[in-house]
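For the sequence shown, position 95 (counting from the first letter as 1) is numbered 91 according to our numbering, and the numbering increases by one without interruption. Here a beta-carbon is modelled for each residue, glycine too, at the ideal position from N, C-alpha and C. So the structure is just underneath, and the comments pick up after that.
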Amino acid sequence: MEIWINPACSKCRAAVSLLDSEGAAYTVRRYLEDVPSPDEIRDVLGRLGLEPWDITRTGEADAVELGVEEWPRDAVSRERWIRALSEHPKLIQRPIITAQDGSAVVARTDEAVRDALGR
């Protein structure tokens, strides 16, 4: 199990705390420092069953500057979104947990963290 976190994020700290309290074995990826490649983002999206715009923090300053709210959300534009997430990792929703069964969850709630633990 791996968790993508930003240590400054309260949701990330809460997820790590819950994983610790449950005695979970996991690795931490500080994705702002260890930026995911486009291939890694594609993999996580497949595991999540989501599209890149579904995990984009559109309120971030970088997102506003890029104008992502105006970008099409379709198959033709998918790679543009993935490149933006890799080039501007602050835009990636957090935390993301990759579970043992090959799936992943955006773990913004205790329930989502527990869901990942049960997989």
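Reduced DSSP category for residue i - H, G, I as helix; E, B as strand; rest coil
i    : result
R53  : coil
E29  : coil
A100 : strand
W77  : helix
E83  : helix
Beta-carbon separation (whole angstroms), residue i vs residue j, contact threshold 8 Å
i     : j   : result
K7    : P68 : Wrong, their Cβ atoms sit about 29 Å apart, outside the cutoff.
L28   : D58 : Contact doesn't hold; Cβ gap of about 12 Å is too wide.
E(-2) : T94 : 5 Å
R43   : G98 : 6 Å
Proximity of residue i and residue j at Cβ, strictly below 9 Å
i    : j    : result
E18  : R110 : yes
E56  : W77  : no
L113 : A10  : no
Q96  : T52  : no
V24  : V40  : no
V64  : W49  : yes
Spatial distance of residue i from residue j (CA atoms)
i    : j    : result
I83  : V31  : This sequence places Glu at residue 83; Ile is not what is there. Their backbone Cα atoms lie some 8 Å apart in a straight line.
V102 : E75  : 20 Å
D16  : E107 : 15 Å
T54  : R79  : 15 Å
I1   : R26  : 5 Å
S33  : A4   : 22 Å
D70  : A100 : 22 Å
E61  : G45  : 27 Å
Contact with chain C by residue i, beta-carbon distance below 9 Å
i   : result
G55 : Reference to chain C is not applicable here, since this structure consists of a single protein chain.
DSSP bridge partner residues for residue i (one or two, in chain order)
i    : result
V126 : This structure cannot speak to residue 126, because the chain is shown only from -3 to 115.
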